[in-house]
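Trainee:
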Amino acid sequence: MGQYFINMLGPWGWAALACVPPAIVALYFLKLRRKPLEVPSTYLWRKSLEDLHVNSLWQRLRKSILLLLQLLLVALIMIAVLRPGWRGTTLTGERFIFLVDNSASMSAGDVRPTRLDEAKRRTEALIDQMGSGSRAMLVSFSDRAQVVQEFTDNRRLLRDRLRQIQPTQRTTDLKEALQLAAGLANADPRATGDEGDAADSMPADMYIFSDGKFPDVADFSLGNLTPIFVPLGEAAAENVAVTAFSTRPDEVDGTRWQAFAQVANYGPRDVTRTAELYAGDELLDAKQIDIAAGGATGLAFDLGQMQRGALRVVLQEKDSLALDDTAYAAVNPPRLARVLLVSPGNEALRLGLLTSQAREHAQVEFAKPAHLASEAYKQQAASGVYDLVVYDQCRPEAMPEANTLFIGRLPPMLEWQTNAEDGMPPTISGPQVIDTNRAHPILQLVELDDILVAESLSLSPPTGGTVLIDGDRGKLMAIAPRGGYEDAVLGFEIVSTAEDGQRFNTNWPIGRLSFPTFLLNVIEYLGRPSGGTSLQSVRPGEPVTLSADGPAAELTVRSPEGDSQRLVRSQQGTYHFHGTEVAGIYQISQEGGQQRHFAVNLFDETESNIRPRPEEAIQIGYVTVDGRTGWEPARRELWKYVLLGALFVLLVEWYIYNRRVFI
Amino acid sequence: MSTTSPTELLPPDLMAQLERLELVTRKVFRGRIKGERRSKRKGQSVEFADFRNYVHGDDLRFLDWNMYARLDRLFLKLFLEEEDLHFYVLLDASESMNFGEPTKLDFGRRLAAALGFVGLIRTDRVKIETLGQPLRHRSSALRGRANVWRMLDKLEHIQPGERVSLLEGVKNFCLRNTGRGIVVLVSDLMDKDGYEVALRFLMSQRMDVYVIHVLSAEELDPDMQGDLKLVDCEDEDVAEISISAPLLARYKKTLEAFVSGAREFCTRRDMVYLLANNQLGVQELVSSYLRSRGLVR
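Chains as they are written, first to last, in numbering that gives the first Met the number 0: chain D, 0 to 662; chain B, 0 to 296.
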């Protein structure tokens, strides 16, 4: 059934129709009345009949040929009621726009071979039916739309171009495709001028071949477009997808790593899956999980001392969409933080930043405040060479592209100076530390109970800032975000430099472990390399902004398919990569630097949930476009021919009834 | 049932033609009365046959006196005797003969009338009998032109519908008529028990047998349609048929086999077989077919 037949009768109709053939047979046997005819002798007739009975089966058929014809007639009527037909016939209209969805979910194999192939097949069928003079345009769309072929009446060209539409792993956004189609169909007549040709404002039929895995398009006017939505995909399609996969250090033991994955079941049945974790090609672990229909399950893998590499988790059993059965994560080696200390001289700070613990995490450079005026500094600061800049007893003219720690000075930003008078905040003498924010990473394990401070600024952090050290008469330390960076301000100097020399402003560095601990926390928290140890996963098609490990002129990104692409450094010192078409691990390499990776994953619930929309309709603006289920482009109906055949059988039956002699 | 007037049975123009004919037998038979035919017996006629020695008691009238004058011995002249001929027409008057237009029986009656007339005018002894005639009921032989009307009258009164099998009818005929002669059997031979035994009876009679097999046009080329229940008019046997081209072809084949079987049966036994169609004119039949078969000349 399905494609070739459409049932036109309910069960009662069929029951009534099914009674007809037995009735015919019954009547045939009941009503067969032979006309008596007296003959001289039946002698020869009997002999003839006996001879004929030798091949009796055929004779019996021949005898009941009228019955057979009547049954054939009923059978033909039944077939006609089933409305046989197939796709194809003529397509009416002059202008067509075929929007073919080639997003990730269209790669699902619930419609053989894939939904995209089915969409292309149906589109091709429509192209075949275009009358001469009709023009059509081909647009493929995922999260962006692409005109595959402009309006043309060259059907061969359309077919060739249609075959070139490839599946992507992108998400879906119909609006862009609609805008593209509308831009060509509803062109402004004033813009086209006199020689408006293909882009005349003319009505067009817009066929949308999609599985409907996109949000409804609000706020769009169709204008001249007549949308026809062709939903693809089976309601019973099964798909189990990895919807999240990430790595992070163990919370207890920071040297151990863990991988977390989330597996969701979008199918209609409960399933059991085996998830395997690979590092490169080496199998690390495998777990079996049960996922209820419509549910999701989390998975955790212990990675041990894993430092770097590419991880992937694979669901073993096959389902309709293979794309989301594998998820990737990149683990990049921790990079040394680059720290610049700008200070007129501060032995305590210098020693604190050069502890063996600190040197494991950071590479510290030292500079005098005069360096701030140099071009070299300005360039480095603007290009984000440093992860952390510590300004001790000095401040720059502009904020660098880095996290900062100001000691005894305010950042050159108005937000920090709300309570300042004449550019200087109020100064407080001998403040007492009342409270420290120990929950913040900077002050973890830092004991400040017994320190003495001679003089400090009273801070007023900007909105969004956090007070770290509260004194009895003002706030002594605070931290606040600035774009992607954070600025910490310590209100009191460690060492004050005056014309007559240096003197300690606090006893904090003297004989207390809390000072180097504080500096270590600062390096770990504020000096963490941008991008972190594992870059965020991105979706296919999304651009990635990469940063170099130091000032490098270009980066080389190698895709999972083996293509390499060189990226040129932008003015902001970042590198923009757009070639994330395929899910997988991308390798970043730079001259003199370590190899790093980032992962591209689908991780999109809308695409992974491949079951078609239950309502099978899409909303475009205020128009609801009903899907045509079981829709075939302009069905070629056969029932008329079948009925004609039935009529012919009836004529033959009548003729044979009257002229039986000939058969 | 059609009654046929004498003129219909034997039209005058036919009569005029038949007067020139005579019945011929391939065998020479003994007649009862001196007739116009040669007999095997030597007797009194003009045709000389042989001489033999005179024995005491011979008729002196046949002595050859010339021979006696020359040889002084008595010789008796022997002449071929001319005799009359027994001519029988055995008509099948069963119900099945009452079919066709004209009916097969009518056809048979006309044929019998024509042949009987030929026999009568040649002073042969003509007997017309039907199969249904009882064994005890002997019919008298007719002789001479004067009896033509009696013969026609008898033919007129033959009614169809006799319920007797071919074999029984022939047997009775043979028992009634032991003499030799020509017998012309006019029948459709449609007997479910077969015609062979009946014909053997006739043959054993050492008669000169002519079998005129009369079939109607409807039997030779049936024109039927549809689903039919054929009823045998004699025994009311029923055959249900649906007319179809193969059935008709098969029927014609069967008929052909039936006819050729009868013909072969007769030919082997020195009988003359003739298939006649009821549409055939008697005049044509007698003057052309029977002539070529040697029954008349």
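No residue lacks a Cβ here, since even glycine has one placed at the ideal position from N, Cα and C.
Since the model is a prediction, treat every value here as computed from it, not as a measurement.
Are the C-beta atoms of residue 120(B) and some chain D residue less than 8 angstroms apart?
Mentor: Position 121 of the second sequence, counted from the start, is the residue given in the question as residue 120(B). Not closer than 8 angstroms to any Cβ of chain D, the Cβ of residue 120(B) fails to qualify, so no.
Trainee: Quick one: which chain D residues come within Cβ less than 7 angstroms of residue 189(B)?
Mentor: Here the question's residue 189(B) lines up with position 190 in the second sequence. Going along chain D in sequence order, the residues near residue 189(B) (Cβ under 7 angstroms) are 39, 40 and 42.
Trainee: Whether or not the segment 221 to 231 of chain D and the segment 588 to 603 of chain D are in contact is what I'm after, with contact meaning three or more pairs of Cβ atoms, one per stretch, closer than 8 angstroms; do they touch?
Mentor: They do not touch, by the three-pair rule.
Trainee: Buried or exposed for residue 211(B), going by 16 or more other Cβ atoms inside 10 Å?
Mentor: The residue you call residue 211(B) lines up with position 212 of the second sequence. Label assigned to residue 211(B): buried.
Trainee: Could you name the residues that DSSP lists as bridge partners for residue 503(D)?
Mentor: For the purposes of this step, residue 503(D) is identified with residue 504 of the first sequence, where counting begins at 1. BP columns for residue 503(D) point to 494(D).
Trainee: Work out the CA separation of residue 569(D) and residue 216(D) for me, nearest whole Å.
Mentor: As a first step, residue 216(D) must be located in the first sequence, where it is residue number 217. As a first step, residue 569(D) must be located in the first sequence, where it is residue number 570. Residue 216(D) and residue 569(D): Cα-Cα distance of roughly 35 angstroms.
Trainee: Any beta carbon from chain B within less than 8 angstroms of residue 66(D)'s own beta carbon?
Mentor: Here residue 66(D) corresponds to residue number 67 of the first sequence, with the count starting at 1. Judged by the 8 angstroms Cβ criterion, residue 66(D) is not in contact with chain B.
Trainee: By the three-class DSSP mapping on this structure, what secondary structure does residue 93(D) have?
Mentor: Position 94 of the first sequence, counting from 1, holds the residue named residue 93(D). Looking at residue 93(D) - three-state DSSP - the assignment turns out to be coil, as it is neither helix nor strand.
Trainee: Tell me the rounded alpha-carbon separation between residue 302(B) and residue 164(B).
Mentor: Since the first residue of chain B shown is 0 and the last is 296, residue 302(B) is not available in this structure.
Trainee: Return the residue from the list 493(D), 359(D), 353(D) and 106(D) that minimises the CA-CA distance to residue 320(D).
Mentor: Along the first sequence, read from residue 1 onward, the residue named residue 320(D) stands at position 321. Considering only alpha carbons, the answer is 106(D).
Trainee: Is there a C-beta anywhere in chain D that falls below 8 angstroms from the one on residue 240(B)?
Mentor: One-based indexing of the second sequence puts residue 240(B) at position 241. Yes, its Cβ sits closer than 8 angstroms to a Cβ of chain D.
Trainee: Check the Cβ-Cβ distances between residue 119(D) and every residue of chain B, and say whether any is below 8 angstroms.
Mentor: Translated into the one-based positions of the first sequence, residue 119(D) becomes position 120. So no, residue 119(D) is outside the interface.
Trainee: Which value, in whole angstroms, describes the spacing of the CA atoms of residue 629(D) and residue 256(D)?
Mentor: On the first sequence, position 630 is the one that residue 629(D) refers to. On the first sequence, position 257 is the one that residue 256(D) refers to. At residue 629(D) the pLDDT is 47, less than 50, meaning the model places this residue with poor confidence and gives no usable figure here.
Trainee: Tell me the rounded alpha-carbon separation between residue 88(B) and residue 16(B).
Mentor: Along the second sequence, read from residue 1 onward, the residue named residue 88(B) stands at position 89. Along the second sequence, read from residue 1 onward, the residue named residue 16(B) stands at position 17. If I take the Cα positions, the gap works out to 20 angstroms.
Trainee: Nearest to residue 124(D) by alpha carbon, out of 143(D), 287(D) and 162(D)?
Mentor: Indexing the first sequence from 1 puts residue 124(D) at position 125. Of the candidates 143(D), 287(D) and 162(D), the one whose C-alpha sits nearest the C-alpha of residue 124(D) is 162(D).
Trainee: For residue 233(B), count neighbouring Cβ atoms within 10 angstroms of its own Cβ and tell me buried if that reaches 16, exposed if not.
Mentor: What you label residue 233(B) is simply residue 234 of the second sequence in a count that begins at 1. Buried, because 16 or more other Cβ atoms sit within 10 Å of the Cβ of residue 233(B).
Trainee: Could you tell me which whole alpha helix (DSSP H) segments of length 4 or greater appear in the segment 133 to 169 of chain D?
Mentor: Entirely contained in the segment 133 to 169 of chain D, the alpha helix (DSSP H) runs reaching 4 residues are, in chain order, 154 to 162.
Trainee: What do you get for residue 18(D), buried or exposed, if any count of 16 or more other CB atoms within 10 angstroms of its CB means buried?
Mentor: Position 19 of the first sequence, counted from the first residue, corresponds to residue 18(D). Exposed, by the Cβ-count rule.
Trainee: In three-state terms, what does DSSP make of residue 151(B)?
Mentor: In the second sequence, the residue the question calls residue 151(B) occupies position 152. Three-state result, residue 151(B): helix.
Trainee: What residue range does the beta strand (DSSP E) around residue 64(D) cover?
Mentor: Locating residue 64(D) in the first sequence gives position 65, where the first residue counts as 1. No beta strand (DSSP E) contains residue 64(D), which is instead part of the alpha helix (DSSP H) from 64 to 80.
Trainee: What does residue 36(D) reach in chain B if we use C-beta pairs closer than 9 angstroms?
Mentor: Residue numbering aside, residue 36(D) sits at position 37 when the first sequence is read from its first letter. Simply 223, 227, 228, 229 and 230.
Trainee: Secondary structure at residue 370(D), three-state DSSP: helix, strand or coil?
Mentor: Within the first sequence, numbered from 1, the residue matching residue 370(D) stands at position 371. Note: residue 370(D) maps to helix in three-state DSSP.
Trainee: What does residue 226(D) pair with, by DSSP beta-bridge criteria?
Mentor: Residue 226(D) sits at position 227 when you count from the first residue of the first sequence. According to DSSP, which records beta bridges pairwise, residue 226(D) is partnered with 205(D).
Trainee: Return the first residue and the last residue of the alpha helix (DSSP H) that residue 657(D) is part of.
Mentor: Along the first sequence, one-based indexing puts residue 657(D) at 658. Counting along the chain, the alpha helix (DSSP H) containing residue 657(D) begins and ends at 638 to 657.
Trainee: Given that residue 253(B) touches chain D, what residues does it touch there, using C-beta distances under 8 angstroms?
Mentor: Taking the first residue of the second sequence as position 1, residue 253(B) is located at position 254. Those are 43, 46, 47 and 50, listed as they occur along chain D.
Trainee: Output the distance between the C-alpha atoms of residue 37(D) and residue 99(B), rounded to the nearest integer angstrom.
Mentor: Residue mapping note: residue 37(D) aligns to position 38 of the first sequence, counting from 1. Residue mapping note: residue 99(B) aligns to position 100 of the second sequence, counting from 1. Answer to the nearest angstrom: the Cα atoms are 12 angstroms apart.
Trainee: If you draw a straight line from the C-alpha of residue 474(D) to the C-alpha of residue 359(D), how long is it?
Mentor: Counting from 1 along the first sequence, the entry for residue 474(D) is found at position 475. Counting from 1 along the first sequence, the entry for residue 359(D) is found at position 360. Going from the Cα of residue 474(D) to the Cα of residue 359(D) covers about 32 angstroms.
Trainee: Using a Cβ cut-off of 7 angstroms, pull out every chain B residue sitting near residue 33(D), in sequence order please.
Mentor: Looking up residue 33(D) in the first sequence gives position 34. Simply 226, 227, 228 and 239.
Trainee: Pop quiz: residue 150(B) and residue 127(B) are said to be a contact at Cβ under 8 angstroms. What is the actual Cβ separation, rounded to whole angstroms?
Mentor: Reading the second sequence from its first residue, position 151 is the one you call residue 150(B). Reading the second sequence from its first residue, position 128 is the one you call residue 127(B). Between residue 127(B) and residue 150(B) the Cβ distance is about 6 angstroms, and since that is below 8 angstroms, they are a contact.
Trainee: CA-CA distance, residue 160(B) and residue 91(B)?
Mentor: Along the second sequence, one-based indexing puts residue 160(B) at 161. Along the second sequence, one-based indexing puts residue 91(B) at 92. Computed Cα separation, rounded: 10 angstroms.
Trainee: What does a CB cutoff of less than 8 angstroms around residue 15(D) pick up in its chain, not counting 5 residues either side in sequence?
Mentor: For the purposes of this step, residue 15(D) is taken as residue 16 along the first sequence, with counting starting at 1. Hits under 8 angstroms: none found.
Trainee: So, with DSSP's three-state summary, where would you put residue 114(B)?
Mentor: Here residue 114(B) refers to the residue found at position 115 of the second sequence. Helix.
Trainee: In chain order, what residues of the same chain have a beta carbon less than 6 angstroms from the beta carbon of residue 380(D), not counting five sequence neighbours either side?
Mentor: Against the first sequence, residue 380(D) aligns to sequence position 381. Excluding sequence neighbours, residue 380(D) sits near 399.
Trainee: Who are the Cβ neighbours of residue 429(D) in its own chain at under 6 angstroms, not counting the five residues just before and after it?
Mentor: What you label residue 429(D) is simply residue 430 of the first sequence in a count that begins at 1. Closer than 6 angstroms at Cβ, skipping near neighbours: no residue.
Trainee: Less than 8 angstroms between CB atoms is the rule here; does residue 250(B) satisfy it with respect to chain D?
Mentor: Along the second sequence, one-based indexing puts residue 250(B) at 251. True, the Cβ-Cβ gap to chain D drops below 8 angstroms.
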